[in-house]
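Asker: Below is the structure I would like to discuss, written out as structure tokens.
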Amino acid sequence: MANVTVIGAQWGDEGKGKIVDWLASRADAVVRFQGGHNAGHTLVVGDQVYKLSLLPSGIVTGTLSIIGNGVVLDPWALKAEVEKLTAQGVEINPDNFALADNCPLILPLHRDLDGLREAAAGTGKIGTTGRGIGPAYEDKVGRRAIRVCDLAHLDTLGSQLDRLCAHHDALRAGFGQPPVDRDALVAELREIAPFVLQFAQVVWKRLQTVRKAGARVLFEGAQGVLLDVDHGTYPFVTSSNTVSGTASAGSGLGPAATGFVLGIVKAYTTRVGSGPFPTELTDATGQKLGERGHEFGTVTGRKRRCGWFDAVLVRQSCAISGVTGIALTKLDVLDGFEKVRICTGYRLRGKVLDYFPSYAGDQAEVEPIYEEMDGWHGTTAGARSWADLPAQAIKYIQRVQELIETPVALVSTSPERDDTILVRDPFLD
Ligand code: GDP
Ligand code: IMO
Ligand code: MG
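With this note's numbering applied, the sequence shown has no gaps in its numbers, which climb one by one up to 432 at the end.
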């Protein structure tokens, strides 16, 4: 029995939450391993809609849900989300939810800095979610972070706080802001500490126990490969590694545990925030994709930019992340289009490229080369078996898998959990 690692293969919002929820009932543990509450994962089960940002999507099926050390944790966001989900009838307790005690914290000063930098950048802004993700990761690698385990030792945080505040005070002064109110920060941490600490555990050890018992682990990625800090459209990326390999470092379970890498791929392309997007459509077709796909951000409510499927980018993501098979989502959004297009290469100053270059100037300049196919009559919406799909939609799927050099394992045809076609079972691979 394989473990499964779910990652986004585009710029996020591919439908990871829906697929993780669908797989979760057959997993013994669901683990988040990077990102933070910049993620927004939507699950639709009957007439209930669950929007998760920090909690692993397995929480809704009652599967053991774990936040690994690779996540940056905003304790107040966690509390708000636990309360929201509890009000929706989801049971969350220290038996079914564990939080790595070595997770770095996102503090109010991180959110401040995220906002100050974005405001100062004007039109050059990254378009972050404003959650303090980047500044928190900076403090982690800068060895200044306060971590979950530190919440049990707030009286002896002195020198750690000195380092953190000295760093932030200098930055804040540059923005004309007052220094960090240290007493207020410690008081806020003291208040939230018991809530967070009830879930804190030595997660690598818990996972070791789970693994030895032969359990199936489902890793839940956030964002997507094109937002990866190394492999994405730098600098218009998030501040973590979003590729499949992070599942290991971000949880403390060795790399062999990654198992089947399931890349989640939208049948077209979207992006929220700034940065290059070769197949973006700013015309009526882009508008139609956005309306049919309800492309508004889960976290910030921002309108997502939309465009045709880019096979070059997805092929690259699949290669970099070692994707075993993809889940092709939102196929139903393409229902009713007379023609559909797929980007098969780029033109850059007279040259044809079969990959996305690293240099930001080139990324902004590449022009997509398209292949056009007939759309399909009839509908794929709600289809639950291959036989329910129009022949032309099957042709589209087949062309996609050919171009990205990766097989299709699942197809998703609506937001609803069970409107999913299983082609190849990731757990049995
Ligand atoms: P995630 O961040 O990758 O989990 O994706 P989001 O939840 O942010 O965005 C995906 C959106 O598409 C959500 O509103 C889902 O309910 C919805 N969705 C997921 N799969 C499908 C699908 O196959 N068809 C349609 N129409 N919507 C889907
Ligand atoms: P899920 O998990 C889509 C984008 C932001 C911005 C960039 C940096 O729902 O797919 P950050 O706040 O992380 O510093 O912002 O990354 N971004 C996402 N876009 N889906 C997400 O998560 C995202 N998380 C961050 O819009 O462009
Ligand atoms: Mg999302």
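Note that CB positions come from ideal geometry on N, CA and C, so glycine has one too.
Please read all numbers here as calculations on a predicted model, not as lab measurements.
In chain order, which beta strand (DSSP E) runs of at least 3 residues are fully inside the stretch 366 to 403?
Answerer: Here the runs fully enclosed are 370 to 377.
Asker: Would you list, in sequence order, the uninterrupted beta strand (DSSP E) runs of no fewer than 3 residues that lie entirely inside the stretch 315 to 358?
Answerer: Whole beta strand (DSSP E) segments, 3+ residues: 328 to 332, 342 to 351, 354 to 356.
Asker: Quick one, are the C-beta atoms of VAL315 and GLY266 less than 8 Å apart?
Answerer: No, the pair does not count as a contact, with Cβ atoms beyond the cut-off.
Asker: From the DSSP secondary-structure annotation, give me the bridge partner or partners of VAL33.
Answerer: Beta-bridge pairing links VAL33 to SER68, LEU221.
Asker: Have a look at GLY325 and LEU331 and give me their C-alpha separation to the nearest angstrom.
Answerer: So the alpha carbons of these two residues sit roughly 16 Å apart.
Asker: So, is VAL52 buried or exposed, given that buried needs 16 or more other C-beta atoms within 10 angstroms?
Answerer: Exposed, since its Cβ has fewer than 16 Cβ neighbours within 10 Å.
Asker: May I ask whether a heavy atom of the ligand IMO can be found less than 7 Å away from the beta carbon of ARG114?
Answerer: It does not: the Cβ of ARG114 is nowhere closer than 7 Å to a heavy atom of the ligand IMO.
Asker: Could you tell me the distance, in whole angstroms, from the CA atom of PHE202 to the CA atom of ILE70?
Answerer: Roughly 10 Å between the two C-alpha positions.
Asker: Three or more beta-carbon pairs under 8 Å between the stretch 272 to 290 and the stretch 123 to 131, yes or no?
Answerer: Cβ pair count under 8 Å is three or more, so yes.
Asker: For HIS156, does the count of other Cβ atoms within 10 angstroms reach 16, so buried, or fall short, so exposed?
Answerer: HIS156 comes out exposed.
Asker: For the candidate residues PHE299, THR382, THR327, SER68, whose alpha-carbon lies nearest to that of LEU431?
Answerer: With distances taken between Cα atoms, LEU431 lies closest to THR327.
Asker: If you follow the beta strand (DSSP E) that CYS309 is in, where does it begin and where does it stop?
Answerer: Run containing CYS309: 308 to 310, per the beta strand (DSSP E) assignment.
Asker: Are the stretch 70 to 81 and the stretch 101 to 109 touching, with three or more C-beta to C-beta distances below 8 Å?
Answerer: Yes, they touch.
Asker: Starting from ALA292 and walking both ways along the beta strand (DSSP E), at which residues does that stretch end?
Answerer: Residue 292 is actually Leu in this sequence, not Ala. Run containing LEU292: none in the beta strand (DSSP E); it sits in the alpha helix (DSSP H), 287 to 295.
Asker: Collect the residues with a C-beta less than 5 Å away from any heavy atom of the ligand MG and give them in sequence order along the chain.
Answerer: Going along the chain, the residues that qualify are ASP16, GLY43, THR301.
Asker: Which residue wins for smallest C-alpha separation from PRO111, given the options GLY224, ALA80, GLU94, GLY262?
Answerer: Taking only the C-alpha atoms, the option nearest PRO111 is ALA80.
Asker: Just list the residues that DSSP pairs THR272 with in beta bridges.
Answerer: Its beta-bridge partners are GLY310.
Asker: Could you tell me the distance, in whole angstroms, from the CA atom of ALA412 to the CA atom of ASP428?
Answerer: Distance between the alpha carbons of ALA412 and ASP428: 7 Å.
Asker: Look up ILE195 in the DSSP assignment and say whether it is helix, strand or coil.
Answerer: ILE195: helix per DSSP, three-state reduction.
Asker: Under the rule that 16 or more other beta-carbon atoms within 10 Å means buried, what is TYR399, buried or exposed?
Answerer: With 16 or more other Cβ atoms within 10 Å, it is buried.
Asker: With a cut-off of 8 Å, do at least 3 Cβ pairs link the stretch 185 to 199 to the stretch 229 to 245?
Answerer: No: fewer than three Cβ pairs fall under 8 Å.
Asker: May I ask you to check if the CB of LYS398 is nearer than 7 Å to at least one heavy atom of the ligand GDP?
Answerer: For the ligand GDP, not one heavy atom lies less than 7 Å from the Cβ of LYS398.
Asker: Verify whether the separation of the beta carbon atoms of LYS342 and LYS269 is less than 8 Å.
Answerer: Not closer than 8 Å, so no.
Asker: Kindly indicate the opening and closing residues of the beta strand (DSSP E) around SER415.
Answerer: SER415 -> beta strand (DSSP E) spans 411 to 415.
Asker: Is there contact here, the stretch 215 to 223 with the stretch 81 to 88, by at least three beta-carbon pairs under 8 Å?
Answerer: The stretch 215 to 223 is not in contact with the stretch 81 to 88.
Asker: Please work out which residues of its chain come closer than 7 Å, Cβ to Cβ, to LEU164, disregarding the five sequence neighbours upstream and downstream, and give them in chain order.
Answerer: So the qualifying residues of the chain are ARG185.
Asker: Taking the beta carbon of SER68 as the centre, do at least 16 other beta carbons fall within 10 Å, making it buried, or is it exposed?
Answerer: Buried: at least 16 other Cβ atoms inside 10 Å.
Asker: Would you mind sorting ARG352 into buried or exposed? The rule is 16 or more other CB atoms within 10 Å of its CB.
Answerer: Burial call: exposed.
Asker: Quick check on the DSSP output: the alpha helix (DSSP H) that includes VAL85 runs from which residue to which?
Answerer: That run of the alpha helix (DSSP H) goes 78 to 90.
Asker: Report yes or no: do the stretch 290 to 305 and the stretch 252 to 263 share at least 3 C-beta pairs separated by less than 8 Å?
Answerer: No, the stretch 290 to 305 is not in contact with the stretch 252 to 263.
Asker: Less than 8 Å separating the beta-carbons of ASP31 and VAL228?
Answerer: Not closer than 8 Å, so no.
Asker: Go through the stretch 17 to 61 residue by residue and report every complete run of the alpha helix (DSSP H) that reaches 4 residues or more, in order.
Answerer: Whole alpha helix (DSSP H) segments, 4+ residues: 19 to 27.
Asker: Let's see if you can read the secondary structure: which residues bound the beta strand (DSSP E) around GLY11?
Answerer: Residues 7 to 11.
Asker: Check whether the stretch 37 to 48 touches the stretch 407 to 427, counting contact only when three or more Cβ pairs, one atom from each stretch, lie closer than 8 Å.
Answerer: As far as the Cβ criterion goes, the stretch 37 to 48 touches the stretch 407 to 427, which means the pair count is three or higher.
Asker: Report the partner residues of PRO107 according to the DSSP bridge assignment.
Answerer: In the DSSP output, where bridge partners are listed per residue, PRO107 has ARG150.
Asker: So for PHE299, helix, strand or coil by DSSP?
Answerer: Strand, per DSSP.
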